[in-house]
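Trainee:
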Amino acid sequence: MCDIKKICVINQKGGVGKTTTAVSLAAGLSRKGMKVLLIDMDPQGSVASSLTSSKEKNLYHFLMGECSFIDCLTPLGTNLDLVHSTESLTKAEVLLAGQKDGQKILAKKLSDIGDYDYIIIDCAPSLGVLNQNAMLFADEAIIPVATNYLAYTGLKFMIDAITEINRYFKHNLKISHIVPTMHDVRNKSNNKILKKLISEYGVKITSPIRINSKLAEAPETGKSIFSYDAKSRGAEDYGKLVKTVLGDQEEVKNINKISQAIPISARVQRLMEGKIEFYD
Ligand SMILES: Nc1ncnc2c1ncn2[C@@H]1O[C@H](COP(=O)(O)OP(=O)(O)OP(=O)(O)O)[C@@H](O)[C@H]1O
Ligand SMILES: [Mg+2]
47 MCDIKKICVI NQKGGVGKTT TAVSLAAGLS RKGMKVLLID MDPQGSVASS LTSSKEKNLY
107 HFLMGECSFI DCLTPLGTNL DLVHSTESLT KAEVLLAGQK DGQKILAKKL SDIGDYDYII
167 IDCAPSLGVL NQNAMLFADE AIIPVATNYL AYTGLKFMID AITEINRYFK HNLKISHIVP
227 TMHDVRNKSN NKILKKLISE YGVKITSPIR INSKLAEAPE TGKSIFSYDA KSRGAEDYGK
287 LVKTVLGDQE EVKNINKISQ AIPISARVQR LMEGKIEFYD
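The numbers in the numbering used here rise by one with no breaks, and the one at position 252 of the sequence shown is 298.
1) Should the segment 249-260 be called in touch with the segment 221-234, which here means at least 3 C-beta pairs below 8 Å?
2) Kindly provide the ranges of any alpha helix (DSSP H) runs that are 4 or more residues long and lie completely inside the segment 139-205, ordered along the chain.
3) Closer than 6 Å by C-beta to V291: which residues in its own chain qualify, once you throw out the five before and the five after it? Chain order, please.
4) Just to check, is the beta-carbon of I167 closer than 8 Å to a non-hydrogen atom of ligand 1?
5) Between which residues of its own chain and L360 is the CB-CB distance below 6 Å, once the five residues before and five after are set aside?
6) In or out: N218 buried (at least 16 other Cβ within 10 Å) or exposed?
7) Counting only the same chain and skipping the five closest in sequence on each side, list residues whose C-beta sits under 8 Å from that of F108.
8) Look at the alpha carbon of L287 and the alpha carbon of A187, and state the distance between them as a whole number of angstroms.
9) Roughly how many angstroms lie between the CA atoms of M47 and P226, to the nearest whole one?
10) Only counting the same chain, and skipping five residues up and downstream in sequence, which positions put a Cβ closer than 6 Å to that of N104?
11) Are C54 and M204 closer than 9 Å when you measure CB to CB?
12) Regarding R256 and ligand 1, is the C-beta to nearest heavy atom distance less than 8 Å?
13) Restricting to Cα atoms, I'd like to know which of N57, A73, L201, R213 is closest to Y274.
14) Looking at ligand 2, does it come within less than 8 Å of Y226, judged from the CB to the closest heavy atom?
15) Does ligand 2 have even one heavy atom less than 8 Å from the beta-carbon of T65?
16) Use the C-beta contact count for S278: other C-beta atoms within 10 angstroms, 16 or more gives buried, fewer gives exposed.
17) Does any heavy atom of ligand 1 sit closer than 8 Å to the C-beta of A262?
18) DSSP state of G238, grouped into three classes?
19) Sorry if obvious, but does the Cβ on H180 come closer than 8 Å to a heavy atom of ligand 2?
20) Using the rule of at least 16 other Cβ atoms within 10 Å of the residue's Cβ for burial, across every protein chain shown, is R77 buried or exposed?
21) Identify whether V231 lies in helix, strand or coil by the three-state DSSP scheme.
22) Could you check what DSSP says for C113 in three-state terms: helix, strand or coil?
23) CB-CB under 6 Å to T66, same chain, minus the five flanking residues each way: which ones, in chain order?
24) When you measure from the CB of V231 to every non-hydrogen atom of ligand 1, does any distance come out below 8 Å?
25) Count the other CB atoms, across all protein chains shown, that sit within 10 Å of the CB of D147; report buried if there are 16 or more and exposed otherwise.
26) Quick check on Q145: buried or exposed, where buried means 16 or more other Cβ atoms within 10 Å of its Cβ?
27) Can you find a heavy atom of ligand 2 that lies under 8 Å from the Cβ of S92?
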């Protein structure tokens, strides 16, 4: 279990590209030969609408002990499995909130899962008990943030929340990457926000995901961006993110080069690593 990279794709702000990032990352990593499990933790069920699920049972049934892990697992290819969700997951939100240790059910239920290199969780835009489950299961958080002012201001709340969760539950969820999304390179305000993000969060900021209509079209076809249009900007940008997550040295070097001029503050670094009490 300790070799599995467990990543939640999370931001309490809606519509910032969480599902697009989770699906593209899972598909991209699996294409690189990694064995990936994608879990949809959002009652909106966006992942199953983006990819195709064949199973009747879903995450709700698994969390409630009504089915086994295999019963809700849809294999989507040699290296990619999906556990999907439907609106029934909102019931789990209510039931888990009233349950002792309801925040740790996912971690408990998946404690002996084997045979994956990566587990990616697509989170809902909330900070409710389901997302607490995702955060307490994961070791790493990837935060997509649209390069607009409101998304930028919301990022601080998300970092606060992770710090609070770490402190309260004595957990060590590390923010591994902040991904600027829906970036319009010709938009002055978008560019200003991107610069601000880099100056404040340094190497944690990945190469931006540019705005690209192909990314919005791909879910309708049930395909990932890599299958739908491998030559699109969306595929190019998410391809870079996959390399970054895999620790590709060239890509890491590029990111370092961009943010070299602006060293990340020691406080932010420790905050990202979950080692700091936010209000200290
Ligand atoms: N880089 C992009 N360029 C163009 N459209 C995009 C891009 N990224 C995401 N989209 C589209 O924007 C919409 C919102 O994206 P997405 O569903 O990934 O956000 P989300 O954060 O998961 O939303 P929610 O908070 O509702 O779960 C979707 O229609 C998606 O296809
Ligand atoms: Mg979503």
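Built from N, CA and C at the ideal position, the CB exists for glycine as well.
Mentor: Per the coordinate set shown:
1) yes
2) 151-155, 175-183
3) For V291, there are no CB contacts under 6 Å within the same chain when 5 residues up- and downstream are skipped.
4) Result no, Cβ not under 8 Å from ligand 1.
5) Outside the displayed range of the chain (47 to 326) lies residue 360, so it cannot be described from this structure.
6) A residue is called buried once 16 or more other Cβ atoms fall within 10 Å of its Cβ, and N218, having fewer, is exposed.
7) S114, F115, D117, C118, V129, K155
8) 14 Å
9) At M47, the pLDDT of 49 sits below 50, so the modelled position is not reliable and the matter cannot be decided from this model.
10) C118, H130, S131, T132
11) no
12) Yes, ligand 1 has a heavy atom inside 8 Å of this Cβ.
13) A73
14) Looking at the sequence itself, residue 226 is Pro, so the reference to Tyr does not match. Distances taken from the Cβ of P226 to the heavy atoms of ligand 2 include none shorter than 8 Å.
15) Answer for T65: yes, Cβ within range of ligand 2.
16) buried
17) yes
18) The question names Gly, yet the displayed sequence has Lys at residue 238. Looking at K238 - three-state DSSP - the assignment turns out to be helix.
19) In the sequence on display, residue 180 carries Ala and not His. False, no ligand heavy atom lies under 8 Å from that Cβ.
20) buried
21) Note: V231 maps to coil in three-state DSSP.
22) coil
23) L261
24) Taking 8 Å as the cut-off, the C-beta of V231 does not count as close to any heavy atom of ligand 1.
25) exposed
26) Counting Cβ neighbours within 10 Å, Q145 comes out exposed, since fewer than 16 surround it.
27) A heavy atom of ligand 2 is found nearer than 8 Å to the CB of S92.
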